[in-house]
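Heads up: the sequence shown at position 89 corresponds to 84 in the numbering used here, and the numbers run straight through without jumps.
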Amino acid sequence: MKSVFFSTLFVLLTHCASAQLTMLGFLQGTWKIQNKEKYEHWDVLNKEMMKGISYSTVNGQLRISEYMELRSGKDSITYIAHVINQNNGNGIPFTLVQSDSIFSFENPAHDFPKKIEYIPKSATQILVRVSDGKKKGFSYILEKQVAKNIQKDTMNTNPNYDAKLAEKLNADDYGMKKYVLVILKTGSNQSEDKDFISQCFRGHLDNINRLVKEGKMIVAGPLTKNDKTYRGIFILNVSDFSEAKQVLEHDAAIKEGLLDMELFSWYGSAALPEYLPFSDKIWKAKP
-4 MKSVFFSTLF VLLTHCASAQ LTMLGFLQGT WKIQNKEKYE HWDVLNKEMM
46 KGISYSTVNG QLRISEYMEL RSGKDSITYI AHVINQNNGN GIPFTLVQSD
96 SIFSFENPAH DFPKKIEYIP KSATQILVRV SDGKKKGFSY ILEKQVAKNI
146 QKDTMNTNPN YDAKLAEKLN ADDYGMKKYV LVILKTGSNQ SEDKDFISQC
196 FRGHLDNINR LVKEGKMIVA GPLTKNDKTY RGIFILNVSD FSEAKQVLEH
246 DAAIKEGLLD MELFSWYGSA ALPEYLPFSD KIWKAKP
């Protein structure tokens, strides 16, 4: 795996030695590998997450090689790299294990690298050492770019960009936002009372329709039979688990234990709700 994308983590950690992402503003901007046309660009999404890209320039054209995430957990910082055309698109995590004079992220199970170290050289330079934890490895210098030196890229010059629409949909600079994904599964209530079950699932559908009208339910649908007892999914237009639980507390099937749920934070297109007006024009029979 190429390791350009690890560079700017040091900037965050020098301002956040307690391993909490509380000053994400330090990561915004562009960094360049010394003597090479290779860059990273990072943007802050919220107090717990940032997104970035690693790219190069060829004949003035931007070529993205990696998409990155930096997440703050309860007790750790995790860096996740999604390398294009590698690992089937799955992210590779590296965890902060040392944060004093040398800042080290490690993944002992990964083939290479297993260890990445960040050592400050000056306010605008960082020495990065990438290795297998033993003898194999390499190092490079990263330099902070000022505005006049930053390569102009197409992400910031979208000819179709609609600022008003982006603001209406609460989109970030990537046109994305945070949702809550709900996995519905068979609950603990094994009642065989058909009238009771029918009444509960009628209330289940009524609650879905209510949440759609309120703009809080974006996606809802059943899953085919599977060995995990998963029954369906929701994508809720809410930002946290507490609000998700609140909007689902009136779902009769969940309330009565016929369905249980698992909640996940999901990052997707902020334009997703825009399909809803069309969905109301294509059904013939109401479920």
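Glycine included, C-beta positions come from ideal geometry on N, C-alpha and C. Quick caveat: nothing in here was measured; it's all calculated off a predicted structure.
* To do: Look up Asn41 in the DSSP assignment and say whether it is helix, strand or coil.
  => Strand.
* To do: Determine, using beta carbons only, whether Ala265 and Val177 come nearer to each other than 9 angstroms.
  => No, the pair does not count as a contact, with Cβ atoms beyond the cut-off.
* For Ile277, the three-state DSSP class (helix, strand or coil) -> Looking at Ile277 - three-state DSSP - the assignment turns out to be coil, as it is neither helix nor strand.
* To do: Check whether the segment 260 to 278 touches the segment 160 to 179, taking contact to mean three or more Cβ pairs, one atom from each stretch, closer than 8 angstroms.
  => Touching, yes.
* Bridge-paired residues (DSSP) for Leu65 -> Note: Leu65 sits in a beta bridge opposite Met45, Tyr74.
* Span of the alpha helix (DSSP H) around Ile192 -> First-last of the alpha helix (DSSP H) with Ile192: 189 to 208.
* Would you mind working out which of Pro103, Ile136, Gln23 sits nearest Lys33, comparing C-alpha positions? => Cα-wise, what sits closest to Lys33 is Ile136.
* Asked: Rounded to whole angstroms, how far is the Cβ of Glu43 from the Cβ of Ser60, which I believe are closer than 8 angstroms?
  -> Between Glu43 and Ser60, the beta carbon gap of about 25 angstroms keeps them out of contact (Cβ cut-off 8 angstroms).
* Asked: Where do the N-terminal and C-terminal ends of the alpha helix (DSSP H) with Glu238 fall, by residue?
  -> If you look at Glu238, you'll find it in the alpha helix (DSSP H) that goes 236 to 243.
* To do: Find out if the Cβ-Cβ distance for the pair Gly86, Ala76 is shorter than 9 angstroms.
  => Yes. Within cutoff.
* Asked: Lys276 to Gln185, Cα distance in whole Å?
  -> Linking Lys276 to Gln185 through their CA atoms gives a straight-line distance of about 37 angstroms.
* Asked: Which one of Ile97, Arg226, Trp37, Met212 has the shortest CA to CA distance from Tyr174?
  -> With distances taken between Cα atoms, Tyr174 lies closest to Met212.
* Asked: Among Thr90, Leu231, Asn204, Asp235, which has the Cα closest to the Cα of Glu64?
  -> The residue from Thr90, Leu231, Asn204, Asp235 with its alpha-carbon nearest to that of Glu64 is Thr90.
* **Contacts around Thr149, its chain only, beta-carbon distance under 7 angstroms, and the 5 residues preceding and following it disregarded** => Since pLDDT at Thr149 reaches only 47, below the 50 mark, its modelled position is unreliable, and the value read off the structure follows with that caveat. Within the same chain, Cβ atoms closer than 7 angstroms to the Cβ of Thr149 are found at Leu57, the five residues on either side in sequence being excluded.
* To do: Check each candidate in Asp222, Val242, Thr219, Gly128 and name the one with the smallest Cα separation from Asp201.
  => Cα-wise, what sits closest to Asp201 is Val242.
* Leu160 to Phe273 span [Cα, whole Å] -> Straight through space, the alpha carbons of Phe273 and Leu160 are spaced by roughly 17 angstroms.
* What is the rounded straight-line gap between the Cα of His10 and the Cα of His199? -> Note that His10 has pLDDT 42, beneath the 50 cutoff, so the model's placement of it is unreliable and the number below is only indicative. Spanning the two alpha carbons is a distance of roughly 48 angstroms.
* **Nearest neighbour of Ser49, chosen from Val78, Gln29, Gln23 [CA to CA]** => The shortest C-alpha separation from Ser49 is found at Val78.
* Exposed or buried, what is Tyr113 when buried is set at 16 or more other beta-carbons lying within 10 Å of its beta-carbon? -> Counting C-beta atoms within 10 angstroms of its own C-beta, Tyr113 has 16 or more neighbours from the protein chains shown and is therefore classed as buried.
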